[in-house]
Structure formats: structure tokens, C-alpha cells
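S.K.: After the C-alpha cells below, expect a handful of questions from me.
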Amino acid sequence: MKVSIRQISEMTGFSQATVSNALNNKKGVSPETARQILEAARACGYQGSRKIDGIRFVIIKNGGQVVADTPFFSALIEGVENESREAGYEITLLNLDTGQPDYQQQLQVLLSDPSYAILLLATELTEEDIVPFARAAAPLVLLDAWFEKTVFDSVFINNLDSVKEATQYLIACGHKKIGYLKSRIRIRNFSYRELGWMLALQDAGIAPDPNYTFPLTPTVEGAHQDMSKLLESDPPLPTAFFADNDIIAFGAIKALNEHGVTIPQDISVIGFDDLPFCRISTPMLTSIRVDKEEMGRVAVRRLVERINSGNPDIHLKIEICNMLIKRDSVAVL
């Protein structure tokens, strides 16, 4: 029977991470600890596994309007880098774009390399985009996306329940006309957020009004321009909006203010991500907080487990829970 790192951990009393580092001759393990682990491994017939030289954090853009240089992705990358270093693995960032002429060639090189485990940021990817990754020669974990019809370990945000809670909070504050600041660029995260918004309204017996859905470009300037143009036609406005993310919320709020609409006296707004500027805006923005750094760390931990002893037939779906941070952008009616 094949001996796993987990079994050696139980035999020696050392953590699985320490056992893995010792067996792979990585830094951070004392000589005496390494000696005990190696002796135990030899005694029980541990044969080891394929050598993984490091982790590639692969960031793939499919349009590039969502995955950008924002505090959300900066914190996510920081968590990935810190956890990889602490686990003793070299981390390399690889940026790809599905629109590049040589994308398929780059993808083939990536997937055929067994020496680097893959952590794939799949925020902008579709189910079709993800299919080739089933051929990966090295362990792989998806980050910030989950696909029902594919079999991968996935670490992602609990979008649906978080937005249900936020919408229920608006309802509890007396709002019945609740609109949706909807990203024009649709990714899976946004689709689940839209579903959470709709379900909360339906549970409260409120029919979503299509007149209160405003499609906006998911950049501050783009959302501002789109919202300004929509407001020129003097559309009916709700008493509250949920926005797909904070960036869209801020662009829309700027346009609303310019058209004489005051937040939250006239319209309440809730965003998603709890980016740093939520705490210094006027008013301070109520938002759904995502522990972005921890999400990156959890994804690396799962990848290290798969490198060490993960059963290839068992795949984990790990949802990161969020928290609604109540500030000044929601009024009680």
C-alpha cells in the first residue's frame, strides 16, 4: 500500500507541511526534525512522488476589464505569494490573455510541464476556457471560480448568499424598490451575485423591476460615463441599489451626485469587495467584505495538499464566506 505524507505526519507527530518540506529537502526544517522524518519515511517504505519545483500562479485575462490592477487582486496575489513562500515553494507569476495570437501555444507549454504546480486565477474564464486544463501534467487548483461541469479543486467567493444577505438588509431597512448596478461584462461571480439579489427579492415577495437594472462598464470611469448617460433620460430610480462591485458603485455614485441625487438620503447603495476606499469615501460605502489575502492562502494550501498526498479522485469545492460591513451609504426608510 502506498504510504502518504499524512501517514508519516501521524507517525512522527510533525505537521504535513513540515513532513513535505523535509522529504523535498526544503528550507525551514531543522536537521534533527528532518532526520526523524526521513528515518520514518524509509522505515515505512515511502517512495515519494514526482518532484514539484515550484508553483506557477497563472493569471488569464479574457477581455481584461475585471481582472485589473485593483486592491482586490493585489491582496489576492499577496496571499498567494506569502503562503507559497511559507510552504517552501518558489512562486512564479504568469500572465496570459486569451486574445493573444500565441495563447494556445503558451497554454500547451504550460500544461505539459510536470515540474510546476498550477494555481489558476479563473475569474474571467468560461467553462469552455477551462476544459484544456484537465490535461495539466501537474497538480492544479482554480482560484476565484467554480465550474459545475468540470472536475477541479476550486477556491472561490460565496457570492450568492452574501448578496442575499445584503439585499435582505436593504429590505429590513424598509426598501422595496431595490435596483441592480449590473456589470456589462458578465463573469460567473457576477451571475451568482445577480441570482442572490433576485432570490432575496423573491423571498420577500418583491418582483425585480427591469427598469431598476442599470448595465454599467466595470471601471470607475466607465460606470460613471454609462450612468451619466442613462440619467440624462430621467429614468425611474429605485430607493436602493446593489452594485456588482465597489468600483461600479463608486462610478455610479459619482454620476448620481452630479445629477443632484444624494447618497443615502435619496438612494442607498451597497457594493461588493470592501476595497480600502470604502472607508474614506463620502459617504462611507456599505460593502461585502471578502478576505482576499486569506482566499489566496487557502488556495495555495489546497494546492500543496494535492502536491503532497491529494487523492486525484477527490476534488474540493471551498467557498470563502464574506461579511456585510454596514457603513453610511444605506438609509432607513
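Just so it is clear: in the sequence shown, position 2 is 1203 by my numbering, and no numbers are missing. For glycine and all other residues, C-beta sits at the position ideal for the given N, C-alpha and C. As the structure is a prediction and not an experimental result, all values here were calculated from the model.
#1: Rounded to whole angstroms, what is the Cα-Cα separation between Ser1216 and Val1364?
#2: Does the distance from the CB of Ile1464 to the CB of Phe1443 come in under 8 Å?
#3: Within 10 angstroms of its Cβ, does Leu1504 collect 16 or more other Cβ (buried), or is it exposed?
#4: Should Ala1323 be labelled buried (16 or more other beta-carbon atoms within 10 Å of its own) or exposed?
#5: Expressed to the nearest angstrom, what Euclidean distance is found between the alpha-carbon atoms of Ser1205 and Leu1371?
#6: Here's the rule I'm using: 16 or more other beta-carbon atoms within 10 Å means buried, otherwise exposed. How should His1376 be labelled?
#7: Smallest Cα separation from Ile1448: which of Lys1430, Phe1478, Ile1256, Glu1459?
#8: Beta-carbon within less than 6 Å of Val1491's beta-carbon, same chain only, minus the 5 sequence neighbours each way: which residues are those?
#9: My understanding is that Ser1355 touches Ile1253, with C-beta atoms under 8 Å, so please give their C-beta distance in whole angstroms.
#10: Please report how far the alpha carbon of Leu1417 lies from the alpha carbon of Ser1530, in whole angstroms.
#11: Please identify the residue among Ala1424, Tyr1381, Leu1431, Arg1389 whose C-alpha is closest to the C-alpha of Pro1409.
#12: Do you know how far the Cα of Lys1493 is from the Cα of Phe1274?
#13: DSSP state of Lys1518, grouped into three classes?
#14: Checking the sheet assignment: what are the DSSP bridge partners for Glu1291?
#15: Please state whether the Cβ-Cβ distance between Pro1302 and Ala1338 is less than 8 Å.
#16: Can you tell me whether Pro1232 is buried or exposed? The criterion is at least 16 other CB atoms within 10 Å of its CB, across all chains shown.
#17: In chain order, which continuous runs of the beta strand (DSSP E) of length 3 or greater are located wholly inside the stretch 1379-1434?
#18: Note down the Cα distance separating Thr1327 from Ile1388, rounded to an integer number of angstroms.
#19: Please report the residue range of the alpha helix (DSSP H) in which Arg1336 lies.
#20: What first and last residue would you give for the alpha helix (DSSP H) that runs through Thr1487?
#21: What residue range is occupied by the uninterrupted alpha helix (DSSP H) comprising Tyr1370?
M.R.: Here's the rundown:
#1: Each residue's Cα considered, the two are about 37 Å apart.
#2: It is not a contact, given that the beta carbons lie outside the stated cut-off.
#3: Counting the other CB atoms within 10 Å of its CB gives Leu1504 a total of 16 or more, which places it among the buried residues.
#4: Here Ala1323 is buried: its Cβ has 16 or more other Cβ atoms, across all protein chains shown, within 10 Å.
#5: Going by the C-alpha atoms only, they are around 50 Å apart.
#6: Buried.
#7: When each option's Cα is compared against that of Ile1448, the closest is Phe1478.
#8: Here Val1491 has Ile1358, Asp1474, Asn1523 as same chain residues with Cβ atoms under 6 Å from its own Cβ, once five neighbours each way along the sequence are excluded.
#9: The beta-carbon separation of Ser1355 and Ile1253, rounded to 20 Å, does not stay under the 8 Å limit for a contact.
#10: Approximately 20 Å between the Cα atoms of the pair.
#11: Closest option to Pro1409, Cα to Cα, is Tyr1381.
#12: The alpha-carbon atoms of Phe1274 and Lys1493 are separated by roughly 8 Å.
#13: The answer is strand: DSSP assigns Lys1518 an E or B state.
#14: Paired residues: Gly1255.
#15: The answer is no: Cβ separation not under 8 Å.
#16: Exposed, because fewer than 16 other Cβ atoms sit within 10 Å of the Cβ of Pro1232.
#17: Taking 3 residues as the shortest admissible run, the stretch 1379-1434 contains the following complete beta strand (DSSP E) segments, listed from N- to C-terminal end: 1379-1384, 1414-1417.
#18: When rounded, the distance between both Cα atoms is 8 Å.
#19: Boundaries cannot be given for Arg1336, as no alpha helix (DSSP H) includes it and DSSP labels it neither H nor E.
#20: Looking at the DSSP string, Thr1487 is not in any alpha helix (DSSP H); the run it does join, the beta strand (DSSP E), is 1487-1490.
#21: Taken as a continuous stretch (DSSP letters only), the alpha helix (DSSP H) holding Tyr1370 covers 1360-1373.
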